[in-house]
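Student: First, the structure itself, so that you have it in front of you.
Protein chains: 2
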Amino acid sequence: MRIIKDEKTVRGYLEKHSFQDIFSFDISPYTTVVFFDAGDEICRQDERPEYLYYIFDGTIKLFFTQRNGKTYIIDFLKAPCFIGEAELLVENTYTRGVTALAKCGSFKIDIKKCGQMLLEDPVFLRYICRYQVEKSTRFTQNYGHNKAYPLKVRFAEFILMNSRNDIYREQHTEVAEFLGVSYRHLLYVLSDFVDRGILEKAEEGYRIKNRRELEKLAQKD
Amino acid sequence: MRIIKDEKTVRGYLEKHSFQDIFSFDISPYTTVVFFDAGDEICRQDERPEYLYYIFDGTIKLFFTQRNGKTYIIDFLKAPCFIGEAELLVENTYTRGVTALAKCGSFKIDIKKCGQMLLEDPVFLRYICRYQVEKSTRFTQNYGHNKAYPLKVRFAEFILMNSRNDIYREQHTEVAEFLGVSYRHLLYVLSDFVDRGILEKAEEGYRIKNRRELEKLAQKD
DNA sequence: AAACACATGTGAGATTTCTCATATTATTTA
DNA sequence: TAAATAATATGAGAAATCTCACATGTGTTT
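Chains as they are written, first to last, in our numbering: chain A, 13 to 233; chain B, 13 to 233.
Put into structure tokens, the structure is as follows:
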């Protein structure tokens, strides 16, 4: 984690990401820039955050752990996104865990100092409203989705979305959690893909050998 | 469906439900009161609604139908709740279907006439923000939940939540959809509950005979 | 280098859940 | 009132997914 407080530098980032546009008052006095490395904890589950983060670069992982110890990845969020906006708006909300998946750049806003102003700012509120609606829409989509199709369909789609140059190299443990199936089962389906000549194991991960077939699987008529 | 436009009556309902409190301008000129009967369609899927509804009494069902014809119940919403707030806030959002499950009373707001004012009203926006956050929190909860436990656990919990005076009488077809399992499987689990002496079939529905056992099943340590 | 944590793989067998078929009863609709 | 529609109910067999057990590799920590 690297914190940048230097006023000029902070202003530079604010400009670059048009962050001021979301507010009707000057946000710079309450803002610092923070960079996270992959794996850094941004927010601990069940701890009320003291800051509102706006991730302008990178990817984060949202998860929560149930009392039985099982953790569920709620979502992978790509920049731009907020962290802690729920807690700002609703007193008794349940805080989820957040970690950086890749290097992240963010604005960190001190809500102790400007929380009240934020809650009264129509520009900010409208932005957050929209953001929330989009988030929950995507979620619902994903939800029906997950229940609707067996893993091979969802996994095929996931592989297509998360491969570059025909190479898929996500961590199976994480993906199994995200897709809501056991690690074992994911591996079954994976090896089935290999058996069917759709994927091929390579040094750098799994190579997509038959994209057409993968797309056919992924398309959920 | 019954529409009430009489100004005095509308004002009466507005007062009763403190609806004006959510706005910083006078909402009454844009509002009528509408009652829905069980089964009425409030909003058709994929059709952009022209009104924002605030349900002050009753229960509605939110669902969407996928291209393959399968419908998914997203949620049962109990009053008070909004319908159409997503569409007001986000241009290109995907409209879900909404039907009344029980008799509903609602305020119907003409967003063609006051949409812009709503989008600039911090009181309204803050309320909606909170509402959205709570909604999506509940979703997330439900989501991890659904994936985490086999049906008998989720169903046990559902029965406990949806019974009165030890009588459970929801429609199995609806519930199966909501819990995201096949009708057949729900019936299997149901009859298992009966076999184990937890439930008992009665005239008016199913009677809870062994609440302790049901609670034990429902609790997901 | 030993010990450890953790991701990757594979096997066997059990459980959960699904699809399809088929009857029987309401409830709606023509 | 007859016909159509939808909910309830049950059976058989298959597919999807899970748990547990275990082996291997790789990178960290001590």
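For each residue, glycine too, the CB sits at the ideal point set by N, CA and C. Just so you know, these numbers come straight off a predicted model, no measurement behind them.
With DSSP run on the structure shown, which of helix, strand or coil describes I179 (chain A)?
Tutor: Locating residue 179 (chain A) in the first sequence gives position 167, counting from the first residue. The answer is strand: DSSP assigns I179 (chain A) an E or B state.
Student: For G241 (chain A), which option in A:E103, A:T105, A:F94 has the closest C-alpha, if you only look at C-alpha atoms?
Tutor: Because chain A is modelled from 13 through 233, residue 241 (chain A) falls outside the range shown and cannot be assessed.
Student: How many Å lie between L131 (chain B) and I34 (chain A) at the Cα?
Tutor: Position 119 of the second sequence, counting from 1, holds the residue named residue 131 (chain B). Position 22 of the first sequence, counting from 1, holds the residue named residue 34 (chain A). Roughly 14 Å between the two C-alpha positions.
Student: Can you give me the start and stop residues for the alpha helix (DSSP H) that E186 (chain B) sits inside?
Tutor: Translated into the one-based positions of the second sequence, residue 186 (chain B) becomes position 174. Where E186 (chain B) is concerned, the enclosing alpha helix (DSSP H) stretches over 184–191.
Student: Starting from the beta carbon of S194 (chain A), find every residue of chain B whose beta carbon is closer than 9 Å, and list them in chain order.
Tutor: Your numbering for residue 194 (chain A) matches position 182 in the first sequence. Simply none; closest approach about 11 Å.
Student: Give a yes or no on whether the minimum CB-CB distance between V165 (chain B) and chain A is below 8 Å.
Tutor: By 1-based counting over the second sequence, the position of residue 165 (chain B) is 153. No, V165 (chain B) does not count as interfacial toward chain A.
Student: If you reduce the DSSP assignment to three classes, tell me which class K90 (chain B) lands in.
Tutor: Taking the first residue of the second sequence as 1, we reach residue 90 (chain B) at position 78. Correct three-state label for K90 (chain B): strand.
Student: Short of 8 Å in beta carbon distance, which residues of its chain neighbour L198 (chain A), apart from the five on each side in sequence? Order them along the chain.
Tutor: Taking the first sequence and counting its residues from 1, the one referred to as residue 198 (chain A) is at position 186. Cβ within range, chain order: L163, F167, H184, V187, A188, L191.
Student: Based on DSSP bridge pairs, tell me the residues matched to A214 (chain B).
Tutor: Mapped onto the second sequence, residue 214 (chain B) falls at position 202. B:G217.
Student: Kindly say whether A230 (chain A), judged by its beta-carbon, lies nearer than 8 Å to any beta-carbon of chain B.
Tutor: Counted from its first residue, the first sequence places residue 230 (chain A) at position 218. Not closer than 8 Å to any Cβ of chain B, the Cβ of A230 (chain A) fails to qualify, so no.
Student: Does any residue of chain B bring its CB to less than 8 Å from the CB of E9 (chain A)?
Tutor: This structure does not reach residue 9 (chain A), given that chain A is present from 13 up to 233, and the question cannot be answered.
Student: Report yes if the CB atom of K124 (chain B) is closer than 8 Å to the CB atom of E169 (chain B), and no otherwise.
Tutor: Mapped onto the second sequence, residue 124 (chain B) falls at position 112. Mapped onto the second sequence, residue 169 (chain B) falls at position 157. Going by C-beta atoms, K124 (chain B) is not nearer than 8 Å to E169 (chain B).
Student: In angstroms with no decimal places, state the Cα-to-Cα distance between L74 (chain B) and F151 (chain B).
Tutor: The count along the second sequence starts at 1 and reaches residue 74 (chain B) at position 62. The count along the second sequence starts at 1 and reaches residue 151 (chain B) at position 139. If I take the Cα positions, the gap works out to 12 Å.
Student: Under 7 Å Cβ-Cβ, which residues of chain B neighbour P41 (chain A)?
Tutor: Indexing the first sequence from 1 puts residue 41 (chain A) at position 29. The contacting residues do not exist; P41 (chain A) stays about 21 Å from chain B at best.
Student: Between which residues of its own chain and Y195 (chain B) is the CB-CB distance below 7 Å, once the five residues before and five after are set aside?
Tutor: Against the second sequence, residue 195 (chain B) aligns to sequence position 183. Excluding positions up to five away in sequence, the list reads H184, T185, A188.
Student: Tell me which same chain residues have a C-beta within less than 7 Å of the C-beta of D58 (chain B), skipping the five on either side of it?
Tutor: Against the second sequence, residue 58 (chain B) aligns to sequence position 46. Around D58 (chain B): T107.
Student: Counting along the chain, where does the alpha helix (DSSP H) carrying G24 (chain A) start and finish?
Tutor: Position 12 of the first sequence, counted from the start, is the residue given in the question as residue 24 (chain A). Start and end: 19–28.
Student: Could you please give the first and the last residue of the uninterrupted beta strand (DSSP E) stretch that includes D38 (chain A)?
Tutor: Here the question's residue 38 (chain A) lines up with position 26 in the first sequence. Per DSSP, D38 (chain A) belongs to no beta strand (DSSP E) and is neither H nor E.
Student: Mind reading off the beta-carbon distance from V102 (chain A) to E146 (chain B)? Whole number of angstroms is fine, and I expect it under 8 Å.
Tutor: Reading the first sequence from its first residue, position 90 is the one you call residue 102 (chain A). Reading the second sequence from its first residue, position 134 is the one you call residue 146 (chain B). Indeed, because the Cβ distance is near 6 Å, the residues count as touching under 8 Å.
Student: Compare the beta carbon distance of E216 (chain B) and R176 (chain B) with 8 Å and say whether it is the shorter of the two.
Tutor: Within the second sequence, residue 216 (chain B) is the residue found at index 204, counting from 1. Within the second sequence, residue 176 (chain B) is the residue found at index 164, counting from 1. Their beta carbons are not under 8 Å apart, which means E216 (chain B) does not touch R176 (chain B) by this criterion.
Student: If you draw a straight line from the C-alpha of Y25 (chain B) to the C-alpha of Q32 (chain B), how long is it?
Tutor: As a working note, residue 25 (chain B) is residue 13 in the second sequence. As a working note, residue 32 (chain B) is residue 20 in the second sequence. If you take the alpha carbons of Y25 (chain B) and Q32 (chain B), they lie about 10 Å apart.
Student: If we ignore side chains and look at the alpha-carbon of each, how far apart do A230 (chain A) and I85 (chain A) end up?
Tutor: In the first sequence, the residue the question calls residue 230 (chain A) occupies position 218. In the first sequence, the residue the question calls residue 85 (chain A) occupies position 73. Between A230 (chain A) and I85 (chain A), the C-alpha separation is close to 21 Å.
Student: For K147 (chain A), go through chain B and note every residue whose CB falls closer than 8 Å to its CB, in chain order.
Tutor: Looking up residue 147 (chain A) in the first sequence gives position 135. In chain order: S148.
Student: Interface residues of chain B around C141 (chain A) at Cβ under 7 Å?
Tutor: For the purposes of this step, residue 141 (chain A) is taken as the residue at position 129 of the first sequence. Those are L101, L137, I140, C141, Q144, listed as they occur along chain B.
Student: Looking at the structure shown, is R142 (chain A) part of a helix, part of a strand, or coil, going by DSSP?
Tutor: Start at 1 with the first residue of the first sequence, and residue 142 (chain A) comes out as number 130. Three-state result, R142 (chain A): helix.
Student: Answer with yes or no whether the minimum CB distance from Y200 (chain A) to chain B is below 8 Å.
Tutor: The residue labelled residue 200 (chain A) in the question sits at position 188 within the first sequence. Cβ-Cβ to chain B under 8 Å: no for Y200 (chain A).
Student: DSSP state of E51 (chain B), grouped into three classes?
Tutor: Sequence index remark: in the second sequence, residue 51 (chain B) carries index 39 (1-based). Note that residue 51 (chain B) is Gly in the sequence shown here, rather than Glu. Three-state DSSP puts G51 (chain B) in coil, outside helix and strand.
Student: According to DSSP, A112 (chain A) sits in a beta bridge with which residue or residues?
Tutor: Numbered from 1 along the first sequence, position 100 holds the residue referred to as residue 112 (chain A). DSSP lists A:I72 as partners of A112 (chain A).
Student: List the residues that DSSP assigns as beta-bridge partners of V46 (chain B).
Tutor: If you number the second sequence from 1, residue 46 (chain B) lands on position 34. DSSP, once it has assigned bridges, lists B:I15, B:S118 as partnering V46 (chain B).
Student: Could you tell me the alpha carbon to alpha carbon distance between F48 (chain A) and F68 (chain A), rounded to whole angstroms?
Tutor: If you number the first sequence from 1, residue 48 (chain A) lands on position 36. If you number the first sequence from 1, residue 68 (chain A) lands on position 56. Approximately 11 Å between the Cα atoms of the pair.
Student: Looking at C-alpha atoms only, which residue of A:I179, A:D178, A:N174, A:L100 is the closest neighbour of Y143 (chain B)?
Tutor: Taking the second sequence and counting its residues from 1, the one referred to as residue 143 (chain B) is at position 131. Checked all of A:I179, A:D178, A:N174, A:L100; the closest Cα to Y143 (chain B) is A:L100.
Student: Out of B:L226, B:P92, B:T44, B:R23, state which residue places its alpha-carbon closest to the alpha-carbon of D122 (chain B).
Tutor: Start at 1 with the first residue of the second sequence, and residue 122 (chain B) comes out as number 110. If we check each option's Cα against that of D122 (chain B), B:T44 comes out closest.
Student: Kindly indicate the opening and closing residues of the alpha helix (DSSP H) around I123 (chain B).
Tutor: Position 111 of the second sequence, counted from the first residue, corresponds to residue 123 (chain B). 123–131 is the extent of the alpha helix (DSSP H) around I123 (chain B).
Student: Spatial neighbours of T21 (chain B) within its chain, please: C-beta separation below 8 Å, excluding the five flanking residues on both sides.
Tutor: As a working mapping, residue 21 (chain B) is identified with position 9 in the second sequence. Excluding positions up to five away in sequence, the list reads V45.
Student: Answer yes or no: do L137 (chain B) and C141 (chain A) have a C-beta to C-beta separation smaller than 8 Å?
Tutor: Locating residue 137 (chain B) in the second sequence gives position 125, where the first residue counts as 1. Locating residue 141 (chain A) in the first sequence gives position 129, where the first residue counts as 1. For L137 (chain B) and C141 (chain A), yes; Cβs fall inside 8 Å.
Student: Give, in chain order, every residue of the stretch 98–124 of chain B whose Cβ lies closer than 7 Å to some Cβ of chain A.
Tutor: Residues A98, L101, V102, T105, Y106.
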